[in-house]
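Reading the sequence shown from the start, the letters are residues -20 to -1, 1 to 154 in mature numbering (1 follows the signal peptide of the UniProt record, and there is no 0).
Cβ coordinates follow ideal geometry from the N, Cα and C atoms, glycine included.
Please read all numbers here as calculations on a predicted model, not as lab measurements.
Working notes, beginning with the structure itself.
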Amino acid sequence: MRSLLFSIASLILFTSSCCAQEQVPYILHTTPYDNINGSFVYPRDWPSNFSIGSQINITWTTQFPSVHLYYYQNRKIAEIVNIGKALVQPWCLWEVQTTVKNLTDPWVFRIVNAKGTLYDRTNLGFTSAGFYIDRDTNPAPSSSFTQSETTAPTRLNRPSYLPSRTPCPRSRAT
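Spelled out as structure tokens, the structure:
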């Protein structure tokens, strides 16, 4: 019995040491992951760069009646942050924020069915193209601005058919 326990312990130790050296594959989301459940309208372009404190209008299309909107840094799904719970409108005005110190890896937004099963929320849904968050104190113009060499950035007018935007709820770690 003792030798059996020693063999099992050795096998576990060997397996854990082998697996500890492997890293989760790096997935570079240069395009959104669109599927029958929905797709991101913005952000869609790679690479996008958003400064902490700036506001971006995250938009999507979906068949889900309501969604949970998350963001996480590549390979760090365990550190996912909830931006909005049970959102019914297909947009979210989000103030860019993070407590992560290392911002070298890109981030992605993920949407899941708020009314789905645990399996649905874990395995189904869709993601945006990757983006970077930076601590620049002078944020670069986002897609809601245009800039030419001779003029200062000019805000584009929001189409009149869109409802007025209200901010998403404050981010909370989940």
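Query	Result
Count the other CB atoms within 10 Å of the CB of residue 76; is the residue buried (16 or more) or exposed (fewer)?	buried
Per the DSSP calculation, residue 88 is bridged to which residue(s)?	52
Rounded to whole angstroms, what is the Cα-Cα separation between residue 98 and residue 105?	12 Å
When you compare each of 103, 15 and 84 to residue 27 by their alpha carbons, which one comes out closest?	84
Would you call residue 86 buried or exposed, if buried means 16 or more other Cβ atoms sit within 10 Å of its Cβ?	buried
Evaluate residue 66 with the Cβ neighbour count: other Cβ atoms within 10 Å of its Cβ, from every protein chain shown; 16 or more gives buried, anything less gives exposed.	exposed
Name the one or two DSSP bridge partners that residue 64 has.	49
Apart from the five residues just before and just after residue 107, which ones in its own chain have a Cβ nearer than 7 Å to its Cβ?	9, 12, 13, 88, 89 and 90
Just tell me which of 15, 74, 100 and 96 has its CA closest to the CA of residue 41.	15
By the DSSP assignment, the alpha helix (DSSP H) with residue 73 in it spans what residues?	Looking at the DSSP string, residue 73 is not in any alpha helix (DSSP H); the run it does join, the beta strand (DSSP E), is 71 to 75.
Secondary structure at residue 114, three-state DSSP: helix, strand or coil?	strand
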